Amino acid sequence: MKIVTIIACIFLSSPTFCQNSYYFSNPLPTEEKKVSTVDKKWFGEYNDSERSLSYVFSEEGITAVSTQVSSISKKSVRESSKYTIKGDYIFGVVEGDSLQCVYEKGYYHFGIRNRDAVISSYSSAKLTRINDREYILNFDENGKFLPVKIVFSNGKMTMSDFDYEPDQNAFSFIESQRKTTENSQNIIVLSPTQEEFDQLSSKFFVERSTFSLITE
Numbered sequence: 008m009k010i011v012t013i014i015a016c017i018f019l020s021s022p023t024f025c026q027n028s029y030y031f032s033n034p035l036p037t038e039e040k041k042v043s044t045v046d047k048k049w050f051g052e053y054n055d056s057e058r059s060l061s062y063v064f065s066e067e068g069i070t071a072v073s074t075q076v077s078s079i080s081k082k083s084v085r086e087s088s089k090y091t092i093k094g095d096y097i098f099g100v101v102e103g104d105s106l107q108c109v110y111e112k113g114y115y116h117f118g119i120r121n122r123d124a125v126i127s128s129y130s131s132a133k134l135t136r137i138n139d140r141e142y143i144l145n146f147d148e149n150g151k152f153l154p155v156k157i158v159f160s161n162g163k164m165t166m167s168d169f170d171y172e173p174d175q176n177a178f179s180f181i182e183s184q185r186k187t188t189e190n191s192q193n194i195i196v197l198s199p200t201q202e203e204f205d206q207l208s209s210k211f212f213v214e215r216s217t218f219s220l221i222t223e
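Sequential numbering of the sequence shown, starting at 8, is according to the working numbering.
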């Protein structure tokens, strides 16, 4: 799904710029901690207004909601039977629905909300629960996994990237490692124990984005 690509670009450190590229053999922290959604007390929509991006947490899983800003000229509306303006709303852009719009300098401006499933019954990404406020989003990269940490606290939700220096010994504390070469890159697949994951979690996640709860 396209959301996996979008989130990977936004939240994950790109391995192509590293001497070594690290992945994980299974969802972190362990396969047994997989869940279908977060605890109910965290349900709601969390928004990052600077990027017009929201995440909705519900019984169905996790959905990313992005807003695409677009516009149409007053002339186009007037000459087309497809569009209708009623007050501050434009009809005809989205089938069966209206969008709030703003008129300025001959154009109607509006935002189209796109919804993409991040965690659902058919998504390749896996969600795991560390504790009642911390979770890991594990994105499937051709059978290997890249993690993003999610933390909830006081009406806020933060996302932290898996991040590291291109040092060959960065993860020497993890005993189980499988090394291969792909496209002239060193690919190292890690299989940490629970104790090794605890060390990994405290040192190799960097907070990148904070979202605020806007609806429950």
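No residue lacks a Cβ here, since even glycine has one placed at the ideal position from N, Cα and C. As the structure is a prediction and not an experimental result, all values here were calculated from the model.
query                                                                                                                                                        : result
Mind pulling the beta strand (DSSP E) runs of 3 or more residues that sit fully within the region 21 to 81?                                                  : 27 to 31, 51 to 55, 60 to 65 and 68 to 80
Apart from the five residues on each side of it in sequence, which residues of its chain come closer than 6 Å, Cβ to Cβ, to Ser208?                          : none
If you run the structure through DSSP and keep just helix, strand and coil, what is Asp147?                                                                  : strand
Using a Cβ-Cβ cut-off of 6 Å (strictly less than) and excluding sequence neighbours within five positions of Glu42, which residues of its own chain qualify? : Looking at the sequence itself, residue 42 is Val, so the reference to Glu does not match. Here the set comprises Leu134 and Arg136.
Thinking C-beta only, is Gly162 closer than 8 Å to Ile126?                                                                                                   : no
Would you tell me roughly how many angstroms separate the C-alpha atoms of Glu86 and Asn121, rounded to the nearest one?                                     : 27 Å
Mind pulling the alpha helix (DSSP H) runs of 4 or more residues that sit fully within the region 139 to 216?                                                : 201 to 210
Ignore the nearest five residues each way along the sequence and tell me which others in Phe64's own chain have a CB closer than 7 Å to its CB.              : Thr44, Val45, Trp49, Phe50 and Gly51
What do you reckon, are the CB atoms on Tyr96 and Gln107 nearer than 8 Å?                                                                                    : yes
Per DSSP, which residues does Tyr129 bridge with? Please list them.                                                                                          : Per DSSP, none; premise fails for Tyr129.
DSSP three-state label for Glu111, please.                                                                                                                   : strand
By how many angstroms is the C-alpha of Arg58 removed from the C-alpha of Ser78?                                                                             : 18 Å
For Asp123 and Asn27, what's the separation of their Cα atoms in angstroms?                                                                                  : 31 Å
Just verifying my parser: in three-state terms, what is the DSSP assignment at Ser83?                                                                        : helix
From the DSSP output, read off the bridge partner residues of Asp123.                                                                                        : Ala71
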